Each structure stands twice: as structure tokens, then as C-alpha cells.
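The structure appears below as C-alpha cells.
In the numbering used here, the protein residues as written are 142 to 789.
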């Protein structure tokens, strides 16, 4: 029902209250805009660094001017080679073949041994649930982008939130009719499928944790923060249609944890101005022309029109600012279980007391520029050697000076009218300089040939190659431990706390490990609540540089466990880890399950018991042989003296 303004009776108190709400909203909007300008002005100094590193990664080169036409302008993809090496190592370390990806360890504080056993069971279920959500989020693809951002930009940002989405879907359902069987003694109604029909219904398509890789240019932290927890606030930008934003606001209003304000959509459509997202910034930096408009959409509704949504986060506050003009929401942090900003921020080279660090590309930025310069100079040198320049008298036709087979240059005085401009060949020294540059890049990022899977520059013994790989792996190990501490563990904590807060119905999860005799198990909300420590299940060191050594160690440990039958070693888990060292994609294909192993043990024990029952005991006659004297009825044993004489 439409309500006209003239139909409403506004009391003085109501008018004063509405005015107070409007003034409070305007004050909060101005406060957020001031903080945003404060953070944006500080972050702008990283704009040039981020764009330069991105240009080096994609191999962009500025177009030569008219005066430089004809010169070499190549980019040598040495930066990409280093980035790809680090990215592959990190992804393989955390998301290789071990499942679950993250192990949960219950906190022992204030717990009895009986409680610890219960908490361990809860930890396995909580880890299996997070592992299942990681797979649903396509974690390898998400972390591929996340690690790439970490290697290119001053920081990589991963958003960890909860997404609840409903959608109208179409599905086929059977048409069931009740049929009576007249042939039966007593006709009974029997449901039978008589056809299929297409129905449309509303369904929950997502009710889980959501991992989002956030563009560096879509994130503004507090300039005084050392990390994301010490930041007083952060801003994060996304782009939403009107329908998407209204759905978010409806969820926040239903939660009742803050104030949802009405929006003037027509005014917001005209206030977008020169707002651009992070993708626009990157594409523009490499000479591409991104589409800045929304395209054509009908006036009524304008379903495709996008609005800039700035999310303002504190540990206990969340606000939404639309197009930097209108405040849409202001309330409590919806993630009260962990009470933190829902982001993971990691840098490749962490700088002390700074939230932004240095990227891998930034460390070799000048070396890459030097490599490009030397390569292009060498190409220009070869071009000048093959296509010489001339010193000629004015009036000679320039077309005759172009190098071609059987070319003729007509002059009056060959010694005075034309002379070649001698260009020395410097290619030999240029090759040496390029090799030095490449070695400097390898030393900076710890990516020698043996780590990148390339043949060494000269022959090395197996011992020397192994030593070089081990030394390079030390630097990888420290970075892996740092990424584990600042990235993986925080992500697991945020996801686990979200599960404890938002899951309100039982779910089916898949278990992994030595106790997973039942591969799938139903998990209730109460079965995952607890305090845990989070540890990645992958290798704590670089998995590829010392793969052979690790496999040898596992082989020795497995042989020791089998020979000594040590009761404190889990032979099943050790065998699984040994098979994982061979990089099999599906280890379960080659292993019996715990249930099958128990059945085989029980069968072997039953066969052994049956064989023992069939074996004759001491003092009993063998099958087919008579009983000894004295054991048969009616026959007396011989006298003692006779028996002794026979024995003697």
C-alpha cells in the first residue's frame, strides 16, 4: 500500500527524532569519509610501486617514441620465472596431497584426560568441516591468486567471511500417483512414478565460509597499524548491484545488530563519477582500456548498474558507505565469535612494524630493468653490425645505402664520398654481464637452477647439487613458516569461528586419517565447538628441494616401526605419508582401509586358532596311531625294571 506524505500525521517529537537520526547519520558519514581520505592519502604512495611491479610481472613495455623507432624494446620474463617458482613451492607445501589441509589440535588448558579424548574427536570433525569448505571454495585457485598478489604487491589480502545465498532453481521431480493392485488379495495403495515434471523452487545455494582474494587497490588499512589486528580500522571495497546490496542489508537488518538506513538510488546513480575499482587501476597501468561504464541497462530498475560499496571494519564495528555519499549501515561486527577484522594480510618480505612490506618483484625490480637494458643493447648492437651506418657526401641517394645482395652505391670518389661508420661488436662482454645479472636475481630470491628444475650452468657432482638445494631450501623454509604463522593459521581460525557461530543444523563431512573407518559422518553444531590450535598438515619445509631425502627418512622410519613393532607409532599413518612422498594423486587407491585391515587380522587370528585346535597336544596319540601301552583298556604297563632296561 502506498502511503502519501500528506496522509501522515507527524508529531513534534517524531519530527525531532527523525531530525536527530538524520544528523547522526550525516555525522557518521562525515567521520567515515575523513578516515577514508586519511587512509587513501597514505596508501597512494604505494601506487607507483604496485603498478611498476605488476608491469614487470606481465612484461609490459612502454611504446617507443618516434625518435627511438627501430630500436629493440623487449622484456625478458625472468621476473615471471622467479614468481612462478615461489608460487609453485608455496602451493605445493600447503595444498599438496595431505588431507585434511589443516589439522586442529584441542587446547589442553583446564581439561582432564577424559575431556581431551572428547575434544580430540571434536577437533577431527571441525578440521574435516573446514577442509570440506576449502574444497568448495576451490582453495588452490584462490591461493594461486593470493600468493601471486603477495609476490607482486606490497601485501596480499584475503577476505574470510560467511555467505548465505538463496536462489530460485529449476529441477526435475517425479510425479507420484497412488495405484491399487486388483490382483492382490486385499487391494493396497501403492505409490508409483508415472512421470517427471520441472518445478521451480527457492533453495539455499550457499551457506558456508567464503574466501575472496581482494585486490591490493581495493583495501585501505590504518596507516598506524603493524598488522591487521593492530589496525584501528580498515576499508575494503566491492562493487554490487542494487539487488545484491539490498540483499546484504536485509540480512544485516534481520540480525538486528545495527542500524540500516534507506538509500536514494537515483542520487547514488548520478554520484558515481570517476570511481574505479582495483582491476581498472591495474589494466590502465599496462596500456589496456578497461570499461569504466556499466553498459546499457533499462532505466526502470537498472539491474546491471554497479555501486561502490566501502566496508568499514573495526574489531567491534562494521559500517557500509555507498559511492562515498550515503551511509547504508552502521552497527556491530557481525562476526562476534572471533571479534576480529575478517581479513588475512601477508607480505613476501615483512618489514618491522609495517602492515605493508616488500614484494618479491620489488626486490629484483632494478635487476630486471638492467637485464632488459643489456639484452636490448646487445640486439641493437647486432643490428648495427649487420646493417651498418655510413658517412656520405650530401647528394648521394639514400636508397643505395640500404644493405641488399648485389647492391651498388654510385659515387665519384670512393675514398672521400662514402665511409662506413665502424661499430665494434660488444656481444661477448654483454653475455658475461647478463650472466652476472641472472646470478644476482637468483641469489636475491633463492631460486638457483636446481630449485627451478633447470640444468646447471656447469657439471656438478650429486653431493654439490644436494648441498646447494639444501642451502636454498633454508631460505624457503623460513618463508614457509612465516606464511604459515601469518596466513594459514589465521585463515583457519576465522573459518573455524565462523562455523561455530553460523552452523545451526547437522552436516555430512568426510573424515581423513587413521581413525576414519567411517569415511562420512554426520556432524552437529555442538560437536565442533571448542578452542583449537591450527597447524597445516603439509610439510613444514620446502617439499621439492629435499624430496628424495624426505622419502629416504620415511623409508627408514617405516622399516624401524615394522621391525620393532613399536606400539607408540601409528604404522597406518606412517605408511600413508610414505606413499604420499611418491606424489600419488589418490593414495587410498593403493591402501586398505582401517576396517579392511581389522577384518583381515580377525580372519588371520581365526585361522591360527583353528589350526592350533587341529594340532595334536603332547601325550595324545597322533592321528592313525594306536595309544601307548598303559593307555588302552585291559593292558597293564610293563614293570619299572623292564622299562628301565629297555631304555638303557
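Even for Gly, the Cβ is constructed at its ideal location relative to N, Cα and C.
Here the structure is a predicted model, which is why all the values come from computation and not from measurement.
- In this chain, the alpha helix (DSSP H) harbouring residue 262 covers 254-277.
- Excluding its 5 nearest sequence neighbours in each direction, residue 457 has C-beta neighbours in its own chain below 8 Å: 473, 474, 480, listed in chain order.
- For the pair residue 582 and residue 377, the Cα-to-Cα distance works out to about 34 Å.
- Counted as a single uninterrupted DSSP element, the beta strand (DSSP E) harbouring residue 675 occupies residues 673-677.
- With the rule of 3 Cβ pairs closer than 8 Å, the stretch 396-410 does not count as touching the stretch 179-197.
- 277 is the residue among 524, 510, 277 whose C-alpha sits nearest the C-alpha of residue 651.
- Within the same chain, Cβ atoms closer than 7 Å to the Cβ of residue 633 are found at 243, 271, 675, the five residues on either side in sequence being excluded.
- Here residue 208 carries a helix assignment [DSSP, helix/strand/coil].
- In the three-state reduction of the DSSP assignment, residue 399 falls in the strand class.
- If you ignore the 5 residues before and after residue 194, its C-beta comes within less than 7 Å of the C-beta of 293, 294, 500, 502, 503, 506, all in its own chain and listed in chain order.
- Counting only the Cα atoms, residue 203 lies some 40 Å from residue 370.
- By the neighbour-count criterion, in which 16 or more other beta carbons inside 10 Å mark a residue as buried, residue 305 falls on the exposed side.
- If you check the CB distance, residue 541 and residue 551 come in under 8 Å.
- If you ignore the 5 residues before and after residue 528, its C-beta comes within less than 6 Å of the C-beta of 544, all in its own chain and listed in chain order.
- For residue 459, the uninterrupted beta strand (DSSP E) segment begins and ends at 458-463.
- In this structure, the beta-carbon distance from residue 235 to residue 669 does not fall below 8 Å.
- In the DSSP secondary-structure assignment, residue 529 is not bridged to any residue.
- Between residue 487 and residue 624 the beta-carbon gap is near 6 Å, inside 8 Å, which marks them as a contact.
- Within the stretch 183-250, complete alpha helix (DSSP H) segments of at least 4 residues are found at 188-199, 219-235, given in chain order.
- The residues 512, 513, 516, in chain order, have a CB closer than 7 Å to that of residue 217 in the same chain once the five nearest residues on each side in sequence are set aside.
- Within the same chain, and ignoring the five residues on either side of residue 357 in sequence, the residues whose Cβ sits closer than 6 Å to its Cβ are 191, 294.
- When the alpha-carbon of residue 381 is set against those of 400, 447, 352, 340, the nearest one is in 447.
- Residue 735 is a Cβ neighbour of residue 713, given a cutoff of 8 Å.
- Residue environment analysis places residue 307 among the exposed positions, since fewer than 16 neighbouring C-beta atoms fall within 10 angstroms of its C-beta.
- Linking residue 319 to residue 661 through their CA atoms gives a straight-line distance of about 35 Å.
- With a 10 Å radius around the Cβ and a threshold of 16 neighbouring Cβ atoms, residue 492 comes out exposed.
- The beta carbon of residue 213 lies closer than 7 Å to those of 517, 520, 521 in the same chain, with the five residues before and after it left out.
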